[in-house]
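Following: one structure in structure tokens, then a few remarks.
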Amino acid sequence: MADIIFSIFILAIFYFIIFYNTKRSPVSGRDDLLKRLNSMRGIFAVEIVIGHVVRYENTILYPLGKFMIISVAFFFFVSAFGMVISFQEKDNYLKGFLLVKLPYIFALAVITFAVNVCMDLIYPKELGYCFKKGNLIFHFLSVTNWYLWELALFYIVFFIVYKYIKKYRILTVSIITTLFIGIIFQFGWKTKWYASAMAFPVGLAMGEYYLLLIQLLRSKKGKIVTIALTVMGLSSLLYGEKSLVGMVYMKNAMCLAGLCILLYFSMNFVIGNKFNVFLGRYSTEIYLFQFVYLNMAGKMQLDWKMQLIIVVISTLLTACIMHPLFNIVKLKIGYIKYIKL
506 MADIIFSIFI LAIFYFIIFY NTKRSPVSGR DDLLKRLNSM RGIFAVEIVI
556 GHVVRYENTI LYPLGKFMII SVAFFFFVSA FGMVISFQEK DNYLKGFLLV
606 KLPYIFALAV ITFAVNVCMD LIYPKELGYC FKKGNLIFHF LSVTNWYLWE
656 LALFYIVFFI VYKYIKKYRI LTVSIITTLF IGIIFQFGWK TKWYASAMAF
706 PVGLAMGEYY LLLIQLLRSK KGKIVTIALT VMGLSSLLYG EKSLVGMVYM
756 KNAMCLAGLC ILLYFSMNFV IGNKFNVFLG RYSTEIYLFQ FVYLNMAGKM
806 QLDWKMQLII VVISTLLTAC IMHPLFNIVK LKIGYIKYIK L
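So the sequence shown is numbered by this note's numbering: it starts at 506 and just counts up by one.
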């Protein structure tokens, strides 16, 4: 009974953060849609945190553990969407692009790694972040978050394609992504690397063909596409873990279905309250610093409810503390120029 009450309480908080002060308002254009999506970054970051805690638990929150790949897809989608708009609106956007984007990714990884090592040093049980022997670079890459490195790869692909290819850019990125996720699946990489990657080229497509895609979504064909993607995504449950189609492409279809539903919502509603703004401000930090506390809480052998409380509170506190440092890094590297706010 306690599990049910606690789960309902968490869902109620989530519902409040999303829908409090939400207003019905048709989207006015591409920039407005991106702004609406960016306002949800904090919600999706927290969803990922909760999902990591409950994904193996017998609770009504269990679906949040499955929804995580859609949340990750959201970040790929919004990042790509924003880059296309910036590319079209800002002069010389690609000049120095990789010299800013990649060092920023590396700086985030180093800061996160340093915090994780500090926690490992003071925590009674070994967390696995401290380097002991072997290859330091491999250790660093293996214990820092995979999302950063995949995003860095997408930055490189975006730069090359948009600088040197004038036609069929979306098709080119889509083919590269499709081949990449298929290859890494065959090499036995973890699901997280390929389950939501197709959201990136779709985000680019939204930036390039905004009006066409919005018209499609508003039409009967768009609704049929959404339903078809949903059915395809759910059918991934019927495939085994060794199935390329089920584990890679059907899971990506599920992510795209989730993004379509999110777009329907964002096209018609504006969310905005102080809690939303607060979480959005720290969304990057929330995502990156959750993992060390998930690791620590998992070794405490506590029930999932206490683990969730510890992880969420610890992550939020660390996010608030480290946020000024992340801002300094952005200013020093010149990252602000390359983002679409």
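C-beta: ideal position from N, C-alpha, C; glycine also.
Should residue i and residue j be called a contact, given that it needs their Cβ atoms to be closer than 7 Å?
i, j, result
"Ala895", "Ile574", "In this structure the chain extends from 506 to 846, so residue 895 is not present and cannot be described."
"Met711", "Phe611", "no"
"Val736", "Lys528", "no"
"Met759", "Ser740", "no"
"Leu784", "Gly556", "no"
"Gly738", "Ala762", "yes"
"Lys606", "Trp651", "no"
"Val816", "Leu830", "no"
"Ser788", "Ala619", "no"
"Glu713", "Ile675", "yes"
"Ser724", "Leu542", "no"
"Asn526", "Val797", "no"
"Tyr669", "Arg535", "no"
"Met506", "Tyr628", "no"
Just verifying my parser: in three-state terms, what is the DSSP assignment at residue i?
i, result
"Phe692", "coil"
"Gly570", "helix"
"Lys810", "helix"
"Lys728", "helix"
"Arg560", "coil"
"Ala700", "coil"
"Phe519", "helix"
"Pro629", "coil"
"Glu552", "helix"
"Met588", "helix"
"Thr617", "helix"
"Glu790", "helix"
"Cys623", "helix"
"Asn543", "helix"
"Leu604", "helix"
"Gly745", "coil"
"Tyr714", "coil"
"Thr823", "helix"
"Asp596", "coil"
"Met801", "helix"
"Asn757", "helix"
"Lys837", "helix"
"Asn781", "helix"
"Phe636", "coil"
"Ser576", "helix"
Taking residue i as the reference, give the member of the options with the closest Cα.
i, options, result
"Gly708", "Val834, Phe663 and Asn800", "Phe663"
"Asn851", "Ala585, Tyr520, Cys765 and Asp508", "With the chain covering only 506 through 846, there is no way to say anything about residue 851."
"Phe489", "Tyr714, Ser512, Gly639 and Ala578", "Outside the shown range of the chain (506 to 846) lies residue 489, about which nothing can therefore be said."
"Ser512", "Glu790, Ser530 and Val559", "Val559"
"Trp809", "Lys540, Asp537 and Ile565", "Ile565"
"Val554", "Asn543, Ile515, Asn563 and Phe524", "Ile515"
"Ile833", "Leu569, Ile665, Phe524 and Ile616", "Ile616"
"Ile719", "Ser530, Gln593, Ser647 and Cys765", "Cys765"
"Ile661", "Leu604, Asn640, Asn781 and Lys728", "Leu604"
"Lys747", "Trp694, Leu722, Leu684 and Tyr769", "Trp694"
"Val753", "Glu552, Phe690 and Gln795", "Phe690"
"Cys635", "Phe643, Leu742 and Cys623", "Cys623"
"Cys825", "Lys804, Arg786 and Gly803", "Arg786"
"Met805", "Lys595, Gly727 and Leu632", "Leu632"
"Ile518", "Glu552, Asp537, Met506 and Leu538", "Glu552"
"Val583", "Thr823, Met827 and Leu767", "Leu767"
"Lys728", "Leu656, Lys637, Tyr769 and Leu743", "Tyr769"
"Ile818", "Gln795, Leu807 and Trp654", "Gln795"
"Leu656", "Gln593, Gly687, Met588 and Lys671", "Met588"
"Ile509", "Leu742, Gly687 and Asn563", "Asn563"
"Ile522", "Met545, Ser533 and Asp537", "Met545"
"Ile686", "Lys671, Leu646 and Asn757", "Asn757"
"Trp654", "Ser576, Lys671 and Phe581", "Phe581"
Using DSSP bridges, identify the partner residues of residue i.
i, result
"Lys528", "Val775"
Can you round the beta-carbon distance between residue i and residue j to whole angstroms, since I take them to be within the 8 Å contact cut?
i, j, result
"Thr682", "Ala702", "6 Å"
"Ile791", "Leu836", "Actually they do not touch by this definition, with Cβ atoms about 21 Å apart."
"Pro706", "Val750", "Wrong, their Cβ atoms sit about 19 Å apart, outside the cutoff."
"Asn773", "Pro531", "6 Å"
"Ile838", "Pro568", "That belief does not hold up - the Cβ atoms of Ile838 and Pro568 are roughly 38 Å apart, past 8 Å."
"Tyr673", "Leu599", "With 8 Å as the limit, Tyr673 and Leu599 do not qualify as a contact, their Cβ atoms being about 18 Å apart."
"Leu793", "Leu613", "6 Å"
"Ile590", "Leu539", "6 Å"
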